[in-house]
Amino acid sequence: MHGLNTCYVILYNDMKRTKVKEVLQTAPSDQEVLVKGWVRTKRGNKYVTFIAVNDGSTIHNIQVVADMTVFSEESLKEVTTGASVSVLGTLVQSQGKGQTVEIQARTVEVLGTADPETYPLQKKGHSLEFLREIAHLRPRTNTFGAVLRVRHAMAFAVHQYFNSKGFFYIHTPIITASDAEGAGEMFRVTTLDPVNPPKTETGEVDFSEDFFGKSTNLTVSGQLEGEVTAMALSEIYTFGPTFRAENSNTSRHLAEFWMIEPEMAFYELEDNMDLAEDFLKYLVRYALDNCMDDLQFLNDMYDKELLPRLNFVVENDFQRLNYTEAIEILKTAKQKFEYKVDWGTDLQSEHERYLVEKHFKKPVILTNYPKDIKSFYMKLNDDGKTVRAMDVLFPGIGEIIGGSQREESYEKLVTRMQEMGVPEKEMWWFLDTRRFGTVPHSGFGLGFERLLLFVTGMGNIRDVIPFPRFPKSAEF
RNA sequence: UCCUCCUUAGCUCAGUCGGUUAGAGCACAUGACUGUUAAUCAUGGGGUCCUUGGUUCGAGCCCAAGAGGGGGAGCCA
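Residues in the first sequence are numbered from 626 upward in steps of one, following the numbering used here.
Listed below in C-alpha cells is the structure:
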C-alpha cells in the first residue's frame, strides 16, 4: 500500500499541465491529462458532479466529471465557483451533449478556495458597470477573457504588420519637455516637494531645480520624435502609452491609452491613406482569422452585427472624400443637425456619424481640412486655405485614425508655428529635420483602444483595457 | 466641464396615490434527483431603500444639497 502511494505521487509530480485549449483539441483515447484552472460552475447530483474549468487559454471550459461513487461529497465541498483547482484524470469522449471531450477525474485538488458567500462573480451574467468596479476579477469572466485575448492578438498583429513591411519599431519617450504638440492638457512629472517647492524671484515654481532641470510632462504623442527617426530610417512606428489630462467623461476617451503612430518618409497623403486603410483591414482580418471563438461569443452576447460588420470592413473600400465635399453633402442632407454645418468649422460627432452610418454606410477617409482647425505641422495645400490632413471615421467609433502629410518646408512650418503660437525656440530640434535634408513625409495615429472597440463590439472604451484610467478613477 | 437619466438583498431589477411587517429571479445554505450544460425542483437565511438635511401624523416614494454610476455633448485617438 505504501509503495503504491509513493509511485502515484511521483507520476503525478512528473506530469505536465496541459492547457484547456489544447485538451479540447485533443482526440480522446483514455490518456492521462493534468489540467489547472479556475472553476466556473459545478452542478450534478448524488451520483455524478460536473465541474467546468477554465484557464484563460480559450473561452471554452473543459468539463470535469467526478463519479460520486468514487469521490466523497466532502472532498468536493471547496470546489466552488472561483476556486482554483488541479485536476488529474483521463481524457474521454463525452457521454453528454454540448462538448466532445471531457475529463473523467481521478483527483481534484483545490489550490485556492473562493468563499461563495463573498466571491463577487456568479454563474449568471453581470452588468459591465458592476464588473468595472471589480476590475481585478473581471478578467475571469468570459467577456473580459475574450476582450483581453483579442487585445493581445491585435497588439501582436500591429507588430507583425509593420515588421513585414520593413517598418522599425521606435521607442519614443514617455517623459517629455515638449509642451508644444497642442494635443491637450498634460500630466506633470516632477520630483519637487508639492508642499514647499523652490520658487523663483518672481514667486513662481522654479523648475530649474526639478529633476530634469525644466518642466516635464507625460507624453501626449510620440509623433515629433517619430518624425525625427523617420528622417533616418524611412519608415518607423511607435506603439506606446499616451497620456491626456483632459477632463473627458465619455465612452471613447481614456486618460491613459495606447497609440500606434507610423511615420513614413517619402509618403504623400495618398500613400498615407493607402497605408491606413490596408493596416486597418489587416488588423480586422487578423482578428477574424485568429480570434473567431472570442468574436463569436461577443457577437452572440453583445452585438449580433459584429461579425457582419467586421467582414464588411475587410471586403469593401473606404470612401475617400475631402472636407469641402463632405460639407456639401451635409448641407444638402435632409436630416436636421443640432450643430450648423459651415465651411471652416470642425465636423461634430453627429455629422461624422451621418456620413459614415447613413450616407455612405462604410468607413470614410476625410481629407484636406481647413488649416485653422488642424495642427501646425500639417502640410499646407496650394490653395493656402486647407491642409493635407486625413481622418479615418468608423461606424460607432467616430475618428479612429487622425493623420496628415507633414509640412516639410522650413519656412512654411515656421510661419504656421508663429501663426498658431507654437514656441519655435523649444522646437529647435524638430525644426532641424526641415533644415537638414527635409523630405515629404506623412504619418498617422491610431488609438489602440478605439480599434478594440470596433473589433470587439464593446460599447465603452473602459471595457477594452484591463485597468482603465479616467477622471476620478485610478483604482487597481 | 455641460445636458440628461439612474442609485432598493451579493447580482439584475419590481415597488401602485405618500399609509400596516419592502418583493421577485438569480446567487448562497439545506434537501431531492443516475449525465448535467447559466441543470432542475422544494425549503430557508439574507435589507444603512446611496448620504445628509427638510416637508409630513406618516417618506423607498415629495423637496434641497452632496456622492457614485450610465448615456449624450465638448476636447481628441
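For every residue, glycine included, the Cβ atom is placed at its ideal position computed from N, Cα and C.
Backbone secondary structure at residue i - three-state DSSP
i: Ile998; result: helix
i: Arg1075; result: helix
i: Tyr892; result: coil
i: Glu758; result: helix
i: Thr801; result: strand
i: Arg1094; result: coil
i: Pro745; result: coil
i: Asp1088; result: helix
i: Glu647; result: helix
i: Pro887; result: strand
i: Leu817; result: coil
i: Met898; result: helix
i: Phe792; result: coil
i: Phe1101; result: coil
i: Phe1019; result: strand
Contact under 8 Å by Cβ, residue i with residue j
i: Thr867; j: Trp883; result: yes
i: Val1129; j: Ser1029; result: Within the shown structure, residues of the chain are numbered from 626 to 1101, placing residue 1129 beyond reach of any answer.
i: Leu923; j: Thr683; result: no
i: Ala1014; j: Thr992; result: yes
i: Gln729; j: Val690; result: yes
i: Leu762; j: Leu746; result: yes
i: Leu716; j: Pro819; result: no
i: Pro887; j: Gly1068; result: yes
i: Val989; j: Phe943; result: yes
i: Ala780; j: Asp919; result: no
i: Phe675; j: Gln688; result: yes
i: Phe1095; j: Ala870; result: no
i: Phe1001; j: Met1045; result: yes
i: Thr706; j: Lys748; result: yes
i: Asn679; j: Val704; result: no
i: Ile954; j: Leu972; result: no
i: Ile795; j: Gly851; result: yes
i: Val775; j: Leu1077; result: yes
Cα-Cα separation, residue i to residue j
i: Val830; j: Leu900; result: 45 Å
i: Leu629; j: Ala708; result: Low confidence applies to Leu629: its pLDDT is 42, below 50, so where it sits in the model is not reliable, and the reading given next is rough at best. Using only the alpha carbons, I get a separation of about 30 Å.
i: Phe1019; j: Thr949; result: 19 Å
i: Ile800; j: Ser846; result: 11 Å
i: Val648; j: Phe837; result: 54 Å
i: Ser876; j: His1066; result: 33 Å
i: Phe793; j: Leu817; result: 36 Å
i: Lys1010; j: Glu977; result: 21 Å
i: Lys986; j: Leu946; result: 14 Å
i: Thr854; j: Val909; result: 28 Å
i: Lys906; j: Glu940; result: 8 Å
i: Asn788; j: Ser859; result: 13 Å
i: Met693; j: Phe1101; result: 41 Å
i: His627; j: Val660; result: Any reading at His627 must be qualified, since the residue scores a pLDDT of 42, below 50, and its modelled position is unreliable; the value itself is stated next. Going from the Cα of His627 to the Cα of Val660 covers about 26 Å.
i: Ala802; j: Thr725; result: 59 Å
i: Thr1063; j: Glu1033; result: 6 Å
i: Glu727; j: Leu701; result: 18 Å
i: Gln904; j: Phe962; result: The sequence given here has Phe at residue 904, not Gln. Their backbone Cα atoms lie some 33 Å apart in a straight line.
i: Leu713; j: Met640; result: 9 Å
i: Gly791; j: Tyr1035; result: 28 Å
i: Phe755; j: Phe891; result: 49 Å
i: Leu1005; j: Ser840; result: 31 Å
i: Ile861; j: Gly681; result: 34 Å
i: Ser873; j: Asn821; result: 30 Å
i: Asn767; j: Pro1091; result: 14 Å
Alpha helix (DSSP H) segment containing residue i, residue limits
i: Gly714; result: Not the alpha helix (DSSP H): Gly714 falls in the beta strand (DSSP E), residues Ser709 to Gln718.
i: Asn821; result: It is not in any alpha helix (DSSP H) - Asn821 carries neither H nor E in the DSSP assignment.
i: Ser789; result: Asn767 to Ser789
Extent of the continuous beta strand (DSSP E) to which residue i belongs
i: Gln729; result: Val726 to Gly737
i: Ala691; result: Ile687 to Asp692
i: Thr841; result: Thr841 to Leu843
Minimum length 4: unbroken alpha helix (DSSP H) runs contained in the segment 845-882: 848-858
Unbroken alpha helix (DSSP H) runs of length 4 or more, entirely within the segment 950-1013: which are they? 974-978
Taking the runs of the alpha helix (DSSP H) that are 4 residues or longer, which of them lie wholly in the segment 1024-1073? 1035-1044 and 1053-1060
Taking only runs of the alpha helix (DSSP H) that begin and end inside the segment 902-949, which ones reach a length of at least 4 residues, in chain order? 917-926 and 931-940
Sequence ranges, beta strand (DSSP E) only - wholly within the segment 654-704, length at least 3: 657-669, 673-679 and 687-692
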